[in-house]
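Participant: All letters in the sequence shown, in the order written, are residues 7 to 204 by our numbering. All residues carry an ideal CB built from backbone N, CA and C; glycine is no exception.
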Amino acid sequence: MPICEGCGARVDDAHVLRRKERLDLAARFRPIQIKTLLLNAAPPALDGDYFYRPAPDHSTRSVAARVYFEELVKCSGPVSSQIDELRSLNDFRQRGFFLIHAVECPIENPGELHNAMRRLAPTVVKRVQYSLLPTYIVPISKPTQDLIRLFGLIGWGDRLVLDKGGPFVESNVRDPKGQPASGSSFGDRIFKALSVLP
Ligand SMILES: [Zn+2]
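(1) Over what stretch of residues does the alpha helix (DSSP H) that includes Leu44 continue unbroken?
(2) Counting by C-beta, which residues lie closer than 7 Å to a heavy atom of ligand 1, in chain order?
(3) Tell me the DSSP secondary structure of Pro60 in three-state form.
(4) Enumerate, from N- to C-terminal direction, the unbroken alpha helix (DSSP H) stretches of 4 or more residues contained entirely within the region 94 to 163.
(5) Could you spell out the range, first to last residue, of the alpha helix (DSSP H) harbouring Gly193?
(6) If I'm right that Ala122 touches Gly14 with Cβ under 8 Å, what's the distance once you round it to whole angstroms?
(7) What's the gap between the Cα of Pro60 and the Cα of Arg28?
(8) Using only the alpha-carbon positions, how far apart do Pro149 and Leu159 sit?
(9) I'd like the list of long-range same chain contacts for Phe197, defined as Cβ closer than 7 Å, with 5 residues on each side in sequence excluded.
(10) Please report how far the alpha carbon of Glu110 lies from the alpha carbon of Ser177, in whole angstroms.
(11) Per DSSP, which residues does Ile9 bridge with? Please list them.
(12) Count the other C-beta atoms from every protein chain shown that fall within 10 angstroms of the C-beta of Arg67, then say buried if there are 16 or more, exposed otherwise.
(13) Report buried or exposed for Ala47, applying the criterion of at least 16 other Cβ atoms within 10 angstroms of its Cβ.
(14) What residue range does the alpha helix (DSSP H) around Lys73 cover?
(15) Where does Gly54 fall in DSSP's three states?
(16) DSSP on Leu31, reduced to helix/strand/coil?
Structure follows, in structure tokens:
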């Protein structure tokens, strides 16, 4: 069985194909010049929840994925209440935003994810430094904490946009009206942090 370049696991052909499909979907929405790179740990387990797979009907995503989609798009600017995913993703690209995952395949077990992050971290940093070349890097979710240190080591610390010195972490707890339970949502916080930058 082949070893997957995206996650380092020994996998079957279907796994390799699913990774390729995700990368192809993301490539459709890659800006020519990346201004803001959002860097998360790993994609969601469900194919239909993948950020760059535009759903014809936004409500077909799981609740968590719907909130995540809206929050990410919100980082780049205002979002209309009726979400058209394809249009949102095109706007996201046009505003110079791109999302990547340090581990390119879903890993739900936190321990396994941590190990995969460790193994792949140098590759991710090189990819960002030599291929993606963003102006800003926004780490999202706790497992990206270790990458922050690595970007510091290569002298890219000033390109990091952080939340109190660490990654932006989703707060998915919402009250029934769909508002964040406390404080502002992570999309709003990222938007605010970016708005003061040149
Ligand atoms: Zn993989």
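Facilitator: A quick look at the data gives this:
(1) Element bounds for Leu44: not the alpha helix (DSSP H) but the beta strand (DSSP E), 42 to 46.
(2) Near ligand 1, meaning a Cβ closer than 7 Å to any of its heavy atoms, lie the following residues in chain order: Cys10, Gly12, Cys13, Ala15, Val17, His21, Arg25, Glu110, Cys111.
(3) Looking at Pro60 - three-state DSSP - the assignment turns out to be coil, as it is neither helix nor strand.
(4) Complete alpha helix (DSSP H) runs here, min 4: 116 to 132, 151 to 159.
(5) In the DSSP assignment, Gly193 falls within the alpha helix (DSSP H) that extends over 192 to 201.
(6) Right, their Cβ atoms sit about 6 Å apart.
(7) Rounded to whole angstroms, Pro60 to Arg28 spans 12 Å at the Cα level.
(8) Here the alpha carbon of Pro149 sits roughly 18 Å from the alpha carbon of Leu159.
(9) Excluding residues up to 5 positions away in sequence, Lys80, Cys81 lie with their Cβ nearer than 7 Å to the Cβ of Phe197 in the same chain.
(10) Roughly 23 Å separates the two Cα atoms.
(11) DSSP lists Arg16 as the beta-bridge partner residues of Ile9.
(12) Label assigned to Arg67: buried.
(13) Buried is the call here.
(14) With the sequence shown as reference, residue 73 is identified as Val, and Lys is not the correct amino acid for it. Counting along the chain, the alpha helix (DSSP H) containing Val73 begins and ends at 69 to 82.
(15) Reduced to three states, the DSSP call for Gly54 is helix.
(16) Collapsing the DSSP output to three states places Leu31 in a helix.
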